[in-house]
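With the first letter of the sequence shown counted as 1, position 317 gets the number 318 in my numbering; the numbers rise by one all the way through.
Virtual Cβ for every residue (Gly too), placed ideally from N, Cα, C.
Comments concern the structure below.
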Amino acid sequence: MLRNRKMTPVESRRGSVLILTLWAVVLLSVIIGSFAFDMHIEARIASYYRKRLKADYLARSGIERARMLLVRSADPEIKQEAYEEQDAPWYANAKRLAYGSAIHGVRDTLDTGSASVSIVPEPARRNVNRLQEDDWERILELGGIPEDLWPNLIDGFLDWTDADGNSRPYGAETDDYYGIQEMPSRAKNGPLYTVDELLLIKAFTPQILYGGRPSGWDDEDEAMTGIADLLTVFGDGKVNVNAASARVLMSLPSVDDLTAEDIINEREGNMDEYDPNQDYSFENESDFFGRIPALSGHLKNRITVGAGVYRITSIGASGGVSRRISCIATVDKNGRMTILRWQEDEG
């Protein structure tokens with residue numbers, strides 16, 4: 002008959018040691034795994050910041066490329082047929098800038114990544130500080146803003162920027178609106194410094210500026226397209242017809258979508274007789290009216306082919322990480338570039 006064997010003290014100690022050893026192995030495994038995971042995360046973070054730094058420098062190199070192109074474009078001889086550096090890789094873009102045209106997506110590819118640069122004359126937009134009531138109506142229509150909101154928006158803007166404290170019928174001034182809000186403020190009674198400043202004005206909303214569907218609208222209601230892309234705070238109020246988008250052109254009197262398309266086709270040479278070696282930009286206002294005669298009686302003193310102020314956008318990319326630098330700059334007749342605004346963000 003078998004009897005239960007009693008465990009000796011030695012065997013008991015051996016079992017305890019085995020259990021402790023297993024726990025130690027488990028604990029070490031957890032520590033090593035955590036350490037390896039932390040190292041992996043730190044390596045990925047370090048890799049991201051290396052790529053981000055490279056992308057940042059590439060974006061800055063794009064700004065320097067833009068500076069070079071703008072300085073070259075200021076050369077008064079660049080428009081001449083006998084210009085001695087016509088074979089230079091920068092010539093075509095610098096010549097377009099000299100005529101007041103825009104350039105988009107000029108790309109440099111390097112071993113470390115790439116830089117893409119766009120340069121657009123700022124007069125390709127409407128100067129918000131110089132808009133009249135009829136200009137506002139066309140712009141709000143292009144932005145898909147319901148017509149019943151127009152009086153509040155127009156009067157609100159005019160009250161914000163005029164020099165007096167008298168409210169228009171649908172407007173607002175400090176005493177009757179801004180100063181009695183939960184967070185009191187004052188009407189500026191002066192020109193806007195940025196387009197985003199419109200959001201400080203009564204009735205203006207992010208959807209009106211940037212597009213979208215305000216809260217309370219039904220899903221079947223057509224979203225606003227916004228107006229921010231049409232506006233600037235720079236320039237003398239004239240629109241650069243060599244660089245303006247179709248939407249900006251359509252904000253001018255007597256310019257519908259077909260006329261805007263004709264203007265763009267004319268300046269880009271999108272015709273049957275297109276010559277890739279020729280620049281079709283409008284040389285001056287007289288050239289514009291000669292080639293678009295239907296507008297000669299409507300846009301006098303409203304258009305230009307000049308620039309002087311430019312919106313530069315440079316995007317640097319490296320290993321899937323990108324950085325964007327946007328700036329507003331001026332170039333004087335001697336080719337010196339001055340930065341007026343500067344913004345950096347993720348691409």
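Between the region 297-313 and the region 40-49, do at least 3 Cβ pairs fall closer than 8 Å? no
So, under 8 Å CB-CB, Ile120 and Ile313 are touching, yes? Tell me the CB distance rounded to an integer number of Å. 5 Å
Does DSSP put Ala187 in a helix, in a strand, or in coil? The sequence given here places Arg at residue 187; Ala does not occur at that position. The answer is coil: DSSP assigns Arg187 none of H, G, I, E or B.
Would DSSP call Val118 helix, strand or coil? strand
Would you list, in sequence order, the uninterrupted beta strand (DSSP E) runs of no fewer than 3 residues that lie entirely inside the region 260-345? 310-319, 322-332
Buried or exposed (CB count within 10 angstroms, at least 16 for buried), Tyr179: buried
Beta-carbon contacts of Ala204 that lie in its chain and below 6 Å, excluding the five residues immediately before and after: Asn153, Leu154, Gly157
What is the rounded straight-line gap between the Cα of Glu138 and the Cα of Tyr84? 45 Å
DSSP state of Ser251, grouped into three classes? Looking at the sequence shown, residue 251 is not Ser but Met. Coil.
Span of the alpha helix (DSSP H), counted from its first residue to its last, around Ile209: 207-211
Would you grab the beta carbon distance between Gly101 and Asn243 for me? Rounded to a whole angstrom, and I think it's under 8 Å. 4 Å
For Ile155, which three-state DSSP category applies? helix
Starting from Leu200, trace the alpha helix (DSSP H) both ways and give me its first and last residue. Counting along the chain, Leu200 falls outside any alpha helix (DSSP H), and DSSP gives it neither H nor E.
What is the DSSP secondary structure of Gly34, reduced to helix, strand or coil? helix
If you follow the beta strand (DSSP E) that Asp109 is part of, which residue opens it and which one closes it? 104-111
Between which residues of its own chain and Val118 is the CB-CB distance below 6 Å, once the five residues before and five after are set aside? Gly63, Arg66, Ala67, Val107, Ser315
Cα separation between Ile136 and Arg53? It should be pointed out that residue 136 corresponds to Asp in this sequence rather than to Ile. So the two alpha carbons sit approximately 43 Å from each other.
Between the region 229-243 and the region 121-132, are three or more C-beta pairs nearer than 8 Å? yes
Need the endpoints of the alpha helix (DSSP H) that Arg97 sits in, please. 92-99
Host alpha helix (DSSP H) of Trp137 (start-end): 134-143
Hey, how far is the Cα of Asp346 from the Cα of Ala56? 11 Å
Please report the distance separating the alpha-carbon of Asn302 from that of Ser287. 11 Å
Suppose you measure from the CA of Val33 to the CA of Val27; what does that come to, to the nearest Å? Checking the sequence shown, residue 33 turns out to be Ile, not Val. Between Ile33 and Val27, the C-alpha separation is close to 10 Å.
Apply the 10 Å Cβ neighbour rule to Pro215 and answer buried if 16 or more other Cβ atoms are within range, or exposed otherwise. exposed
Beta-carbon within less than 6 Å of Ala261's beta-carbon, same chain only, minus the 5 sequence neighbours each way: which residues are those? Ala247, Leu250, Met251
For a test of the three-state rule: what should DSSP assign to Leu231, helix, strand or coil? helix
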